[in-house]
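Since the structure comes first, as structure tokens, the remarks are kept for the end.
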């Protein structure tokens with residue numbers, strides 16, 4: 008874990024995309040999602056959570072966190088092959104607060 012993981016609030020879990028996750032496959036023009044065991048996810052709440060991540064359809068090698076409280080919620084490769092990340096809203100709030108709290112000291116230096 009990195010120094011950033013030290014900021015992890017107790018309501019989130021540290022995860023990385025080497026852990027088993029949810030995958031997606033295009034079926035009949037829409038994405039279907041599959042759990043780490045290969046079973047299709049049919050729970051409407053879980054499908055809604057995944058869709059809310061707004062992973063672009065063009066992304067390849069998409070990994071979606073199976074844990075809704077994981078600090079990192081999804082990764083994928085864009086058209087240029089660059090790895091892109093989607094983080095939990097709570098994690099972004101904590102990370103941004105830390106970044107901006109250090110900005111004042113930077114300005115004074």
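Residue numbers (the working numbering): 8 to 116.
Every residue gets a Cβ at the ideal spot worked out from N, C-alpha and C, and that includes glycine.
Would you decide whether residue i is buried or exposed? Buried here means 16 or more other CB atoms lie within 10 Å of its CB.
i, result
"residue 31", "buried"
"residue 5", "The structure shown does not extend to residue 5, since the chain is modelled only from 8 to 116, so the question has no answer here."
"residue 19", "buried"
"residue 83", "buried"
"residue 61", "exposed"
"residue 59", "exposed"
"residue 77", "buried"
"residue 45", "exposed"
Quick one: residues in its chain with C-beta nearer than 7 Å to the C-beta of residue i, no 5 flanking neighbours on either side, listed in chain order?
i, result
"residue 8", "In this prediction, residue 8 scores a pLDDT of 46, lower than 50, which makes its location untrustworthy; no coordinate-derived value is stated."
"residue 98", "19 and 78"
Compute the beta-carbon to beta-carbon distance between residue i and residue j, rounded to the nearest angstrom, for a pair I have assumed lies under 8 Å.
i, j, result
"residue 70", "residue 24", "4 Å"
Express the C-alpha separation of residue j and residue i in angstroms, rounding to a whole number.
i, j, result
"residue 85", "residue 68", "9 Å"
"residue 34", "residue 64", "13 Å"
"residue 111", "residue 17", "26 Å"
"residue 75", "residue 88", "26 Å"
"residue 115", "residue 79", "32 Å"
"residue 38", "residue 28", "16 Å"
Leaving out five residues on either side along the sequence, give the residues of the same chain with a beta carbon under 6 Å from the beta carbon of residue i.
i, result
"residue 81", "60, 62, 71 and 93"
"residue 49", "none"
Report all residues from its chain with a CB closer than 8 Å to the CB of residue i; omit the five preceding and five following residues, and keep chain order.
i, result
"residue 66", "83, 84, 85 and 91"
request  = Please confirm if the segment 88 to 101 is in contact with the segment 47 to 54, defined as three or more CB-CB distances below 8 Å between the two stretches.
outcome  = no
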